[in-house]
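The structure under discussion appears below in the form of structure tokens.
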Amino acid sequence: GLNSPLAMANKTGGKIIVGISSSGKIIGIEIGKDTVEKLTNKITQNTDPTVYPKISIATMDSKNVIVIEVSESQDHLVLAFGRPYKRVGKSTIKMSKEEYERAILENRI
Numbered sequence: 001g002l003n004s005p006l007a008m009a010n011k012t013g014g015k016i017i018v019g020i021s022s023s024g025k026i027i028g029i030e031i032g033k034d035t036v037e038k039l040t041n042k043i044t045q046n047t048d049p050t051v052y053p054k055i056s057i058a059t060m061d062s063k064n065v066i067v068i069e070v071s072e073s074q075d076h077l078v079l080a081f082g083r084p085y086k087r088v089g090k091s092t093i094k095m096s097k098e099e100y101e102r103a104i105l106e107n108r109i
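Here is the structure:
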């Protein structure tokens, strides 16, 4: 979902590969002519401040995957649909009210 790239922007940045199962198996993804544009628009239109991901199509084991790269947000905590998220290991979770307030006090917003 949209929350993972945003949580990465709130941490150190990162890369997501769409078309790989949680167990690491390459399953591929069907990619239409406007898939990358739609994905880019969904991320940029629903983030505050706006996150501009680098999105590309790659081939792994003869299957198409989408690579989403997100840089760390330098100045602000990024919100998705008005909510803050963070990465904890391989999971994306909503920040607690206390974590969000601490981030505000630490001038991350």
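Position one of the sequence shown corresponds to residue 1 (full-length UniProt numbering), numbered consecutively onward.
In this text, a Cβ means the ideal position worked out from N, Cα and C, and glycines have one as well.
Compute the distance between the beta-carbons of residue i and residue j, then report whether it is under 8 Å.
i, j, result
"lysine 63", "glycine 13", "no"
"lysine 11", "lysine 94", "no"
"threonine 40", "proline 53", "yes"
"asparagine 88", "valine 70", "According to the sequence as given, residue 88 is valine; it is not asparagine. Taking 8 Å as the Cβ cut-off, valine 88 and valine 70 do not qualify as a contacting pair."
How close, in whole Å, do the beta carbons of residue i and residue j come, if the pair is a contact with beta carbons under 8 Å?
i, j, result
"asparagine 57", "isoleucine 31", "First, the amino acid is wrong: residue 57 is isoleucine here, not asparagine. Yes, isoleucine 57 and isoleucine 31 are in contact; Cβ-Cβ is about 6 Å, under 8 Å."
"isoleucine 66", "isoleucine 104", "About 33 Å separates the two Cβ atoms, so there is no contact after all."
To the nearest angstrom, how far is it from the Cα of residue i to the Cα of residue j?
i, j, result
"glutamate 101", "arginine 83", "12 Å"
"isoleucine 55", "threonine 44", "12 Å"
"serine 91", "serine 22", "11 Å"
"isoleucine 16", "threonine 35", "15 Å"
In the UniProt domain "Schlafen AlbA-2" (6-95), which residue ranges form an unbroken alpha helix (DSSP H) of at least 4 residues, counting only runs that do not cross its ends? 35-45
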